[in-house]
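K.L.:
Structure incoming, see below.
There are 2 protein chains.
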Amino acid sequence: MRQFGLEILATDKLARSGILTTPHGDVETPFFMPVGTRGMVRLTPPWVVAEAGFRVLLSNTYHLMLRPGADVVEKVGGLHRFAGWEGAMLTDSGGFQVMSLDAKFEESGVTFKSVYDGSFHKLTPELAIQVQEALGADIAMVLDVCTMLPNDKEKLARALDLTIDWARRAKDAKLRADQALFGIVQGGTEIDLRIASAEATVGIGFDGYAIGGLAVGEDRDTTVGIVELVTKNLPEQSPRYLMGVGDPYTIVESVARGVDMFDCVSPTRLARHGTALAMEGKVHVRRRENLYLDSPIEQDCPCPTCQRLPRSLISHLLRVDPWSAGSALAIHNLWFMSRLMSRIRASIASESLDDLRAEMKSIWRNA
Amino acid sequence: MRQFGLEILATDKLARSGILTTPHGDVETPFFMPVGTRGMVRLTPPWVVAEAGFRVLLSNTYHLMLRPGADVVEKVGGLHRFAGWEGAMLTDSGGFQVMSLDAKFEESGVTFKSVYDGSFHKLTPELAIQVQEALGADIAMVLDVCTMLPNDKEKLARALDLTIDWARRAKDAKLRADQALFGIVQGGTEIDLRIASAEATVGIGFDGYAIGGLAVGEDRDTTVGIVELVTKNLPEQSPRYLMGVGDPYTIVESVARGVDMFDCVSPTRLARHGTALAMEGKVHVRRRENLYLDSPIEQDCPCPTCQRLPRSLISHLLRVDPWSAGSALAIHNLWFMSRLMSRIRASIASESLDDLRAEMKSIWRNA
């Protein structure tokens, strides 16, 4: 595809840092993508997300195809205009969202019930591409079959066969030349299935490769182990994307194994529940001790929330106006993720990622 | 009081425009104050409020004295630090908030039930001053007795006697030299009571005068009539503040009668209910027709929401994520109020307020 590709500019062992070129601008890797599930990151307008340093916004195909409908998004000029986002965008395929529901998988596709009105919908690999091409993100994802962990191997193997078949059909259905398409490696925690999945997906050939079906119940070191296994079986020059992971420990360890992209709703979800992310660890802002503190959430944080608001106000608002508290904390948590990714990139450039790994391990492995 | 006073720089008939000097900066009059009930304007961090052009933030004594408590606010350095607000602040007295509850008025003060935990509290004119001095806003208000309209005259007269007595006691209780204190004119819609109230309040002598007890059920032209009556009985050089009024028609008509200050929760409350304010009138953004529009809420609005987001996104979010829609619309509505006040000041400077009044009357009188 024109206008899409990864240039690796620095490495530190298996970790790499560089530039991902997209139709909507260059992005430094590794990077994290905030999630605008329904077109906007919750409580956080897009210019606030951009000011935090993010260049790629993720949005959910599942939600947008049901409400307002891909045709509506297309009619107003596509997803970038709809979301008011000038940077690059990625849409997931809907595979993860249908998993948690009463979904029925067949060879042809998956039938699921809408969370909005209970109506039934069928998503096929081809339709997932058509919808994503109508939405018009810079990066689309193939429709995959996610499975909860732990799960029995036979079920995982069947899901994997279907995922590989669907990936092939998705690639065949692709029409837009200005949209990258990523394959998704599945296989749960089974080593042989993950290897088979990576080989088959790479065999089909995509613009990038995602590792799916992780951080769904297994412990973090298991996640990292699978990431290590999969990345070894992916082509070096293609971008690698670990889906749905937002905790600093797993991110840094995955970067150390060659992952370039991450996404998660956790920064803004934690914010709404009163948890702030800080380099020294989580801050439970609602705790009474914070009510009496005029200090910011994080001492040296350059985010507008830390520059202006005392812990006292946010702790108070969590009790009496939690949505307002959440909107202020979401800004801080997004800045934290952006700063973390900057530190990761700088550490790769100076070949000192191991120091950052040690720091993150001590604070975040069990946080 | 040092560091406090109104300098009138331009007039257009009874309307005036100038500079209000406060310990936290100069403010162009007439101005509108957004309401940060519990310390923050709902969903809108203070720097976003300042970027919209506001210089004075109002916060509610009633809420802050109950949660987190004036002692907590004082401990973290006062209300400006607590709220993260670098401009001027005004605290109301709590009189309006206790009105809507099962409040019991006695000569000594008013006993009311906390909305937070049902506990009983007593507010006296002296305590209202002590609490507001601990909070430390630039402008404090005397504790008054509000009454719902319509109401019988005898009840209004009794409420008024108490308000005047309390105003005297409030002034006597005042200790801080760096905080202005405003008296409040009451008297419902009774002409003689309003005149008596204005005379008595001015007789006591305050740094400014508020018109209270309006926009609580009467029609807008009645509000304006009372405003006209009261302002004629207030000293020209003192700032005049019409409490709790946010509709453009009443604001412009009150400015035309010499009012300098306004406050209301309406811009952000309307936002959360999907109503956008625009120079051409209200926009009900949730309406289905807006779902298909890539145009902004208001065509020439310089606010970040209109610069970046299409109606389509906001209309969609009002259905599926109303808090996120509300946060984006709140920004626009605050900018609208700020732009309205700018237009009012410019119209006074060019002695063309009547043109703006005609425009606002045609659009907003019945909106």
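Chains as they are written, first to last, in the numbering used here: chain U, 586 to 952; chain B, 586 to 952.
In this text, a Cβ means the ideal position worked out from N, Cα and C, and glycines have one as well.
Hey, L642 (chain U) and A600 (chain U) are a contact pair by Cβ (cut 8 Å); roughly how many whole angstroms apart?
P.N.:
In fact, because the Cβ distance is near 24 Å, the residues do not count as touching under 8 Å.
K.L.:
Quick check on the DSSP output: the alpha helix (DSSP H) that includes R930 (chain B) runs from which residue to which?
P.N.:
Element bounds for R930 (chain B): P907 to A934.
K.L.:
Please name the residue, chosen from U:A752, U:I933, U:K738 and U:D879, that lies closest to E838 (chain U) on a Cα-to-Cα basis.
P.N.:
Answer by Cα proximity: U:I933.
K.L.:
Please list the segments of the beta strand (DSSP E) lying wholly inside the region 764-801 of chain U, counting only runs of 3 or more residues, in order along the chain.
P.N.:
For the region 764-801 of chain U, whole beta strand (DSSP E) runs of length 3 or above, ordered along the chain, are 765-770 and 793-796.
K.L.:
For the candidate residues U:T596, U:A943 and U:R761, whose alpha-carbon lies nearest to that of R930 (chain U)?
P.N.:
For the residues U:T596, U:A943 and U:R761, the minimum Cα distance to R930 (chain U) belongs to U:T596.
K.L.:
Are the region 750-770 of chain B and the region 625-640 of chain B in contact at 8 Å, needing three or more beta carbon pairs?
P.N.:
No, the region 750-770 of chain B is not in contact with the region 625-640 of chain B.
K.L.:
Using beta carbons (cut-off 8 Å, strictly below), is A856 (chain B) in contact with chain U?
P.N.:
So no, A856 (chain B) is outside the interface.
K.L.:
Under a CB-based cut-off of 8 Å, is S909 (chain B) close to chain U?
P.N.:
Yes, contact with chain U.
K.L.:
By Cβ distance below 6 Å, which residues in the same chain neighbour D763 (chain B) in space, the five residues on each side in sequence not counted?
P.N.:
Excluding residues within five positions, the ones whose Cβ falls inside 6 Å are P608.
K.L.:
Taking the C-alpha atoms as reference points, what is the distance between D677 (chain U) and G768 (chain U)?
P.N.:
Going by the C-alpha atoms only, they are around 11 Å apart.
K.L.:
Using alpha carbons as the reference points, say which of U:V830, U:E865, U:R871 and U:R872 lies closest to P852 (chain U).
P.N.:
The option with the nearest alpha carbon to P852 (chain U) is U:V830.
K.L.:
Let me check understanding here. Comparing Cα to Cα, which of B:S704, B:G721, B:E692 and B:G703 lies closest to P710 (chain B)?
P.N.:
Closest by alpha carbon: B:E692.
K.L.:
Taking the straight line between their C-alpha atoms, what separation do you get for T696 (chain B) and S704 (chain B)?
P.N.:
When rounded, the distance between both Cα atoms is 10 Å.
K.L.:
For S782 (chain U), tell me which candidate among U:C731, U:V868, U:T807 and U:D806 has the shortest Cα-Cα distance.
P.N.:
Ranking U:C731, U:V868, U:T807 and U:D806 by Cα distance to S782 (chain U) puts U:C731 first.
K.L.:
Give the DSSP-derived three-state secondary structure of G639 (chain B) in the structure shown.
P.N.:
Looking at the sequence shown, residue 639 (chain B) is not Gly but Phe. DSSP places F639 (chain B) in coil when its eight states are reduced to three.
K.L.:
Checking the sheet assignment: what are the DSSP bridge partners for F697 (chain U)?
P.N.:
U:H706.
K.L.:
With H, G and I counted as helix, E and B as strand and the rest as coil, what does DSSP make of T808 (chain U)?
P.N.:
If DSSP states are grouped into helix, strand and coil, T808 (chain U) belongs with the helices.
K.L.:
Label I811 (chain B) either buried or exposed according to how many other C-beta atoms from any shown protein chain fall within 10 Å of its C-beta, with 16 as the threshold for buried.
P.N.:
When all chains shown are included, I811 (chain B) counts as buried.
K.L.:
Mind checking whether A795 (chain U) and M726 (chain U) have CB atoms under 8 Å apart?
P.N.:
In contact: A795 (chain U) and M726 (chain U) (Cβ atoms closer than 8 Å).
K.L.:
Tell me, please, whether the CB atom of V905 (chain U) is closer than 8 Å to any CB atom in chain B?
P.N.:
It does: the Cβ of V905 (chain U) has a partner Cβ on chain B nearer than 8 Å.
K.L.:
Using DSSP bridges, identify the partner residues of V612 (chain B).
P.N.:
For V612 (chain B), which the question treats as bridged, DSSP gives the partners B:L605.
K.L.:
Can you pull the chain U neighbours of D879 (chain B), defined as C-beta to C-beta under 9 Å?
P.N.:
Ordered by position in chain U, the residues that pass the 9 Å Cβ test against D879 (chain B) are K660, V661, G662, R666 and F667.
K.L.:
Which of the three DSSP states is assigned to H869 (chain U) in this structure?
P.N.:
If DSSP states are grouped into helix, strand and coil, H869 (chain U) belongs with the strands.
K.L.:
For the region 615-647 of chain B, list every residue whose C-beta sits within 7 Å of some C-beta in chain U, in sequence order.
P.N.:
So the close ones are R623, G624, M625, R627, L628, P630, P631 and W632.
K.L.:
Using the Cβ count rule (16 or more neighbours within 10 Å means buried), how would you classify S927 (chain B)?
P.N.:
S927 (chain B) should be labelled exposed.
K.L.:
Is E874 (chain B) buried or exposed, if buried means 16 or more other CB atoms sit within 10 Å of its CB?
P.N.:
Classification for E874 (chain B): exposed.
K.L.:
Just checking my contact of G663 (chain B) with G721 (chain B) at CB under 8 Å: how many whole Å lie between their CB atoms?
P.N.:
Their Cβ separation, rounded to whole angstroms, is 4 Å, which keeps G663 (chain B) and G721 (chain B) in contact under 8 Å.
K.L.:
Compute the Euclidean distance between the alpha carbons of W949 (chain B) and L914 (chain B), then round it to the nearest angstrom.
P.N.:
Distance between the alpha carbons of W949 (chain B) and L914 (chain B): 19 Å.
K.L.:
For L760 (chain U), which residues in the same chain have their Cβ closer than 7 Å to its Cβ, ignoring the five residues on either side in sequence?
P.N.:
Result list for L760 (chain U): E718, in chain order.
K.L.:
What are the boundary residues of the alpha helix (DSSP H) that Y834 (chain U) is part of?
P.N.:
Counting along the chain, the alpha helix (DSSP H) containing Y834 (chain U) begins and ends at P833 to V840.
K.L.:
Do G772 (chain B) and L741 (chain B) have their CB atoms nearer than 8 Å?
P.N.:
Their beta carbons are under 8 Å apart, which means G772 (chain B) touches L741 (chain B) by this criterion.
K.L.:
Determine whether the beta carbon atoms of H917 (chain U) and C886 (chain U) lie at a separation below 8 Å.
P.N.:
In this structure, C886 (chain U) lies closer than 8 Å to H917 (chain U) by Cβ.
K.L.:
For R871 (chain B), which of U:A841, U:P653 and U:V612 has the nearest alpha-carbon?
P.N.:
R871 (chain B) has its Cα closest to that of U:P653, out of U:A841, U:P653 and U:V612.
K.L.:
Mind checking N645 (chain U): buried by the 16 CB within 10 Å criterion, or exposed?
P.N.:
With 16 or more Cβ atoms within 10 Å of its Cβ, N645 (chain U) is classed as buried.
K.L.:
Could you check how far apart the C-beta atoms of A673 (chain B) and D723 (chain B) are, in whole angstroms? I think they sit under 8 Å.
P.N.:
Right, their Cβ atoms sit about 4 Å apart.
K.L.:
Assign Y701 (chain B) to buried or exposed, taking buried as 16 or more other Cβ atoms, counted over all protein chains shown, within 10 Å of its Cβ.
P.N.:
Classification of Y701 (chain B): exposed, given that the 10 Å Cβ count is below 16.
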